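Accompanying notes for the structure given below.
Protein chains: 2
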Amino acid sequence: MTRRTQQERREATVAKLVDATISAIVELGYHRTSVQAICGRAGLSVGAMFRQFDSRLDLVVAAVEEVVARHLAHFREHLAALAAEEDVITASLRFLRQATGSPLTHVLREVLIAARTEQELRSRVRPTIHRYYSAIFADAEHAGVLAPLPPEHRENVVHMMVHLFSGEALITGVDPRPEQAEAQLQLARRMLLTLAGTD
Amino acid sequence: MTRRTQQERREATVAKLVDATISAIVELGYHRTSVQAICGRAGLSVGAMFRQFDSRLDLVVAAVEEVVARHLAHFREHLAALAAEEDVITASLRFLRQATGSPLTHVLREVLIAARTEQELRSRVRPTIHRYYSAIFADAEHAGVLAPLPPEHRENVVHMMVHLFSGEALITGVDPRPEQAEAQLQLARRMLLTLAGTD
DNA sequence: TCACATAGGAAGTGATCGTTTCCTTACTGG
DNA sequence: CCAGTAAGGAAACGATCACTTCCTATGTGA
Numbered sequence: 001m002t003r004r005t006q007q008e009r010r011e012a013t014v015a016k017l018v019d020a021t022i023s024a025i026v027e028l029g030y031h032r033t034s035v036q037a038i039c040g041r042a043g044l045s046v047g048a049m050f051r052q053f054d055s056r057l058d059l060v061v062a063a064v065e066e067v068v069a070r071h072l073a074h075f076r077e078h079l080a081a082l083a084a085e086e087d088v089i090t091a092s093l094r095f096l097r098q099a100t101g102s103p104l105t106h107v108l109r110e111v112l113i114a115a116r117t118e119q120e121l122r123s124r125v126r127p128t129i130h131r132y133y134s135a136i137f138a139d140a141e142h143a144g145v146l147a148p149l150p151p152e153h154r155e156n157v158v159h160m161m162v163h164l165f166s167g168e169a170l171i172t173g174v175d176p177r178p179e180q181a182e183a184q185l186q187l188a189r190r191m192l193l194t195l196a197g198t199d
Numbered sequence: 001m002t003r004r005t006q007q008e009r010r011e012a013t014v015a016k017l018v019d020a021t022i023s024a025i026v027e028l029g030y031h032r033t034s035v036q037a038i039c040g041r042a043g044l045s046v047g048a049m050f051r052q053f054d055s056r057l058d059l060v061v062a063a064v065e066e067v068v069a070r071h072l073a074h075f076r077e078h079l080a081a082l083a084a085e086e087d088v089i090t091a092s093l094r095f096l097r098q099a100t101g102s103p104l105t106h107v108l109r110e111v112l113i114a115a116r117t118e119q120e121l122r123s124r125v126r127p128t129i130h131r132y133y134s135a136i137f138a139d140a141e142h143a144g145v146l147a148p149l150p151p152e153h154r155e156n157v158v159h160m161m162v163h164l165f166s167g168e169a170l171i172t173g174v175d176p177r178p179e180q181a182e183a184q185l186q187l188a189r190r191m192l193l194t195l196a197g198t199d
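Line order of the protein sequences matches chains A and B.
For the first sequence, UniProt numbering begins at 1 and goes up steadily by one.
For the second sequence, UniProt numbering begins at 1 and goes up steadily by one.
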């Protein structure tokens, strides 16, 4: 048996629980992600979970923060390469659409929907979501992928594209239309290019 | 006591149950809309509900169909007036955003999210959602509000705008940003106008 | 009018939910 | 090495879930 400090043990189980919560929400959805489903995936008992988190809600909030952190890290990983692309806009749109449709991002949509009708969840995740929106623009700006666009519209354009792909991901889960999605990406590209050209 | 036929009685309670399901999902969200919450709102017993619907899922599917029917009716009500507006695009965008953010539409997003991870719900609502997407474009086309746009892009533009406002409605429930939303609507307007002009 | 069929309600079913209690195991400071 | 503390697990808590049973009330066809 490897000897570990209390802090190491604690941090390892917290990490296992957060990971299990994320994958449970991805596979089961927010409302079917029970404490027992989480602990089963984590290989831990229910009692162990409640020693580290006061409630299921606390664990979900921690999972959302982890998802946002991973998602932003994923952005930063690829932004430099995107800025160097010949057609920055097309490459960035394609990357953003892929990222916004990823399993990780489904967690955010699950929680956002649930938060609409659950007051405490809403107030707990609001700062994290707000930070996410600010960071996603700041990172894109810093990497230079927004250079073709007029400065005063950059933030709104980024958030519009996030909304566009989020809305697309909503129906893709039920009735995917790959050809339309590709055509719509090309249309978005044209719109952004004309916006880049007119100012 | 007013005398009613069995069919009238039956249809009245089905209507009450569907109405109650819609408002319950609006207020509680999909996963907290229990059979007892529905029947409480409908002023009916649980037994009465299970006489008309074999399962909770059947009732939810019926509610989704009703929501789509009402939403499309709401479109058709206003499309004629929109087509007569001076600035058709701006008026239509504003109307679509308002409609896509309405309580009724929250029901669709709740169910779409749940359907991603619930196989039977997904296969049951898919045809309805598909019809909804087709009808929303067909109605807009028929009313003439898409006249400024090149024909080959009209359907994709309509669906892109639905996605844009759906994605916006997702975060609006947690962290509303009214000024950005207005600026983004103006940006969308500009993009559609240039698209209308270039072809 | 009356046997029959259908609709609605009351009270349960077992299963599962989030959470707690209590006990055992693992680490810590001296 | 050992008393004290912190972490993890087993089992149970009441509440609530979707759903069933069974009874009463109401409409139907003859």
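Just so it is clear, CB atoms sit at the ideal spot from N, CA and C, and this is done for glycine as well.
What you are looking at is a predicted structure, and each value in this text was computed from that prediction instead of being measured.
When the options are compared against residue i, the one with the closest alpha-carbon
| i | options | result |
| --- | --- | --- |
| valine 68 of chain B | B:Val111, B:Glu86, B:Ala83 | B:Val111 |
| glutamate 152 of chain A | A:Leu195, A:Arg10, A:Ala37 | A:Leu195 |
| isoleucine 89 of chain A | A:Ala62, A:Ala143, A:Arg51 | A:Ala143 |
| glutamate 155 of chain A | B:Gln184, B:Gly197, B:Pro150 | B:Gln184 |
| valine 61 of chain A | A:Phe165, A:Leu108, A:Val26, A:Val145 | A:Leu108 |
| valine 64 of chain B | B:Ala114, B:Arg4, B:Leu149 | B:Ala114 |
| glutamine 180 of chain B | B:Phe165, B:Leu59, B:Val26 | B:Phe165 |
| arginine 177 of chain A | B:Glu182, B:Pro150, B:His130, B:Pro176 | B:His130 |
| valine 157 of chain B | B:Ser92, B:Thr117, B:Asp175, B:His106 | B:Ser92 |
| glutamate 182 of chain A | A:Leu146, A:Ala147, A:Arg94, A:Tyr30 | A:Arg94 |
| proline 148 of chain B | B:Leu193, B:Ala73, B:Ser55 | B:Leu193 |
| glycine 173 of chain B | A:Gly197, A:Glu118, A:Leu72 | A:Glu118 |
| glutamine 7 of chain A | A:Gln52, A:Gly29, A:Ile38 | A:Gln52 |
| aspartate 175 of chain A | B:Leu146, B:Leu121, B:Asp175 | B:Leu121 |
| residue 203 of chain A | A:Leu104, A:His106, A:Tyr30 | With chain A covering 1 to 199 only, the question about residue 203 of chain A has no answer from this structure. |
| glutamate 86 of chain A | A:Val145, A:Ile22, A:Ala24 | A:Val145 |
| leucine 59 of chain A | A:Thr105, A:Ala24, A:His71, A:His78 | A:Ala24 |
| leucine 104 of chain B | B:His78, B:Arg70, B:Arg116 | B:Arg70 |
| isoleucine 22 of chain B | B:Asp54, B:Gln36, B:Glu66, B:Ser55 | B:Glu66 |
| glutamate 27 of chain B | B:Arg116, B:His106, B:Pro150 | B:His106 |
Assigned exposure category for residue i - 16 Cβ within 10 Å defines buried
| i | result |
| --- | --- |
| arginine 10 of chain A | exposed |
| phenylalanine 76 of chain B | Rather than phenylalanine, the amino acid found at residue 76 of chain B in this sequence is arginine. Flag for arginine 76 of chain B reads exposed. |
| alanine 12 of chain B | exposed |
| alanine 140 of chain B | buried |
| serine 34 of chain A | exposed |
| threonine 2 of chain A | exposed |
| alanine 73 of chain A | exposed |
| threonine 5 of chain A | exposed |
| glycine 197 of chain A | exposed |
| alanine 20 of chain A | buried |
Subject >> Inter-stretch contact at 8 Å, needing at least 3 Cβ pairs: the segment 80-96 of chain B / the segment 47-54 of chain B >> reply: no
Original post:
How about the segment 125-140 of chain B and the segment 127-139 of chain A: do they share at least three Cβ pairs that are nearer than 8 Å?
Top reply: Flag = no, the segment 125-140 of chain B and the segment 127-139 of chain A do not touch.
Original post:
Does the segment 150-168 of chain A come close enough to the segment 182-197 of chain A that 3 or more CB-CB pairs lie under 8 Å?
Top reply: By the Cβ test, the segment 182-197 of chain A is in contact with the segment 150-168 of chain A, since at least three Cβ pairs between them sit closer than 8 Å.
Original post:
Given 8 Å as the limit, is there contact between the segment 168-181 of chain B and the segment 97-106 of chain B, that is, 3 or more CB pairs closer than that?
Top reply: yes
Original post:
Any chance the segment 32-42 of chain A sits against the segment 10-23 of chain A, with 3 or more Cβ pairs inside 8 Å?
Top reply: yes
**OP:** Go through the UniProt DNA-binding region "H-T-H motif" (34-53) of chain A residue by residue and report every complete run of the alpha helix (DSSP H) that reaches 4 residues or more, in order.
**Re:** 35-42, 46-52
**OP:** Go through the segment 78-140 of chain A residue by residue and report every complete run of the alpha helix (DSSP H) that reaches 4 residues or more, in order.
**Re:** Within the segment 78-140 of chain A, the complete alpha helix (DSSP H) runs of at least 4 residues are 88-100, 103-117.
Original post:
Where in the segment 150-189 of chain A do unbroken runs of the alpha helix (DSSP H), each at least 4 residues long, occur, reported from the N-terminal end onward?
Top reply: 154-172
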